[in-house]
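Numbering (the working numbering), first residue to last: 8 to 464.
Even for Gly, the Cβ is constructed at its ideal location relative to N, Cα and C.
One structure below.
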């Protein structure tokens, strides 16, 4: 019995040694790697790897800047059924870049990215405070990477206090400016929608103010948004008021579709002298830049523009004193020079050309971007907005976007089809007017009675 027992124990001991062998190998490999890293060549190799990996943090910085810009000039919308997966994607991205920055926390690139990213988190927080699925993972990563960064504790503490002060003051100033600029009126959106072809969206809004109130229609492009699979950034700063009616009332805003040729015929019939002012880009599209020239007075140009042409003004003391240094020829204030299209664009001038609509062909209009089918808004049978005209006048170009769009709220007001109770408002204002008139009459009567009773009056 004892011999069999010993025989059984030996294989068991061997199996234990075999099972322990992989763990021992891993520990040996880890110890060898640690020893290799601690050598001079090992530290150099690890430093090179960390530097190369730290360059990935530049992608994170680019994403933060882009997110801050979108937060100011776009309105983030995350559908309810996509919020869970959106949070998962944001968390996954934060874990990846957080691991990259923790691994390379002592690299100069990572430390700079962590510090320079801090101010850009302010607009992200201010404009997206409702979207916790975005903010919670991002803020957790920000706190962890900042506290664990390789920056010395002294500068880290100082910069941390500065960033906190920036956040507090920035939020205070932003909220204060928004409250000051907020109009002292009450608005109700009675209709909101997208046109049939999807290129524009519109809103019909009633405004109740101290006067009689008003109703207006605003239009903005529906093609300037940034759309992703799980969220959409709706562009702000493009809305334009195309119709305004006072006093406060309701009206029917109807959208229809007209062809390019029909609108051209209507515009020419209403005014045969309808003239379009084409900018430099439109002139190039129609080939009107070829042979274009304009006489320009040199004195009307800026100093840098004059110097690009090789001229200096006798009336400019700097030009007169440093003409040889600038290598320019001094000319009097009446001196003119002829500039072609390319030269005007080169020195920063904006050449324009006026062209009658009756002299433009349908192909010319198509080349300028006017679509064959155009959206038209009519109120009371009168057209108040034509896509045809908006394209020619470049009403919704990015260059004309309002830079104060970041002051607009990121939350759309709800739609109330009923709007204000106009009859109740009229009755209330009539009652107020009658009450004020009675008070005035009572005051005049009291004053007259007192004057009659006063013997010294």
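In this structure, the straight-line span from the alpha carbon of residue 297 to that of residue 422 is close to 52 Å. Taking 8 Å as the cut-off, the beta carbon of residue 193 is found no closer than this to the beta carbon of residue 210.
Within the same chain, 296, 299, 358 come within 6 Å of residue 348 by CB-CB distance, once the 5 residues on both sides are set aside.
Rounded to the nearest angstrom, the Cβ distance from residue 284 to residue 361 is 5 Å, consistent with a contact under 8 Å. Residue 183: member of the alpha helix (DSSP H) spanning 160-188, first to last residue.
Sixteen is the threshold: when 16 or more other Cβ atoms of the shown chains lie within 10 Å of the Cβ of residue 427, as they do, the residue is buried. Burial of residue 208 is indicated by the presence of at least 16 other C-beta atoms within 10 angstroms of its C-beta. Listed in chain order, the non-local C-beta contacts of residue 402 below 7 Å within the same chain comprise 247, local neighbours out to five positions each way being set aside. Beyond the five residues adjoining it in sequence on each side, residue 338 comes within less than 6 Å, by CB distance, of 305, 318 in the same chain, given in chain order. Residue 376 and residue 312 do not touch by the CB rule: their CB atoms are close to 30 Å apart, not below 8 Å. Counting along the chain, residue 312 sits inside the alpha helix (DSSP H) bounded by residues 310-316.
CA-CA distance, residue 168 to residue 160, rounds to 12 Å. Between residue 398 and the set 181, 374, 411, 420, the nearest pair of CA atoms involves 374.
For the pair of segments examined, the region 140-150 was found to touch the region 97-110: the number of CB pairs separated by less than 8 Å reaches three.
As computed with DSSP, residue 84 is found in a beta bridge with 239.
Counted as a single uninterrupted DSSP element, the alpha helix (DSSP H) harbouring residue 124 occupies residues 115-124.
Here DSSP, grouped into helix, strand and coil, assigns residue 67 to helix. Distances from the CA of residue 369 to each of 400, 268, 277, 110 were compared; the closest alpha carbon is that of 268. In its chain, beyond the 5 residues on either side, 80, 81, 82, 412, 415 have a beta carbon closer than 7 Å to the beta carbon of residue 243. In the three-state scheme derived from DSSP, where H, G and I count as helix and E and B as strand, residue 153 is classed as helix. DSSP links residue 228 through a beta bridge to 207. Leaving aside the five residues that flank residue 351 on each side, the residues in its chain whose CB is nearer than 6 Å to its CB run, in chain order, 358. Residue pairing from DSSP leaves residue 402 without any beta-bridge partner.
When DSSP reads this structure, residue 200 sits in a beta bridge with 209. Using a Cβ distance threshold of 8 Å, residue 75 and residue 131 count as a contacting pair. Secondary structure at residue 250: strand, using DSSP grouped into helix, strand and coil.
DSSP links residue 336 through a beta bridge to 318. Residue 250 is positioned such that its CB atom lies no closer than 8 Å to that of residue 227.
Taking C-beta atoms under 8 Å as the contact rule, residue 323 and residue 334 fail to qualify, at a distance of about 15 Å.
In the DSSP assignment, residue 256 is bridged to no other residue. For residue 392 and residue 410, the gap between their C-alpha atoms comes out near 24 Å. Bounds of the alpha helix (DSSP H) holding residue 134 are 128-134. If you draw a 10 Å sphere on the C-beta of residue 326, you find 16 or more other C-beta atoms in it, and that means buried. Contact annotation: residue 381 and residue 289 have beta-carbon atoms that are not nearer than 8 Å.
The bridge partners DSSP lists for residue 345 are 302. Apart from the 5 residues on each side of it in sequence, residue 114 sits with its Cβ closer than 6 Å to the Cβ of 57, 58, 61 in its chain, given in chain order.
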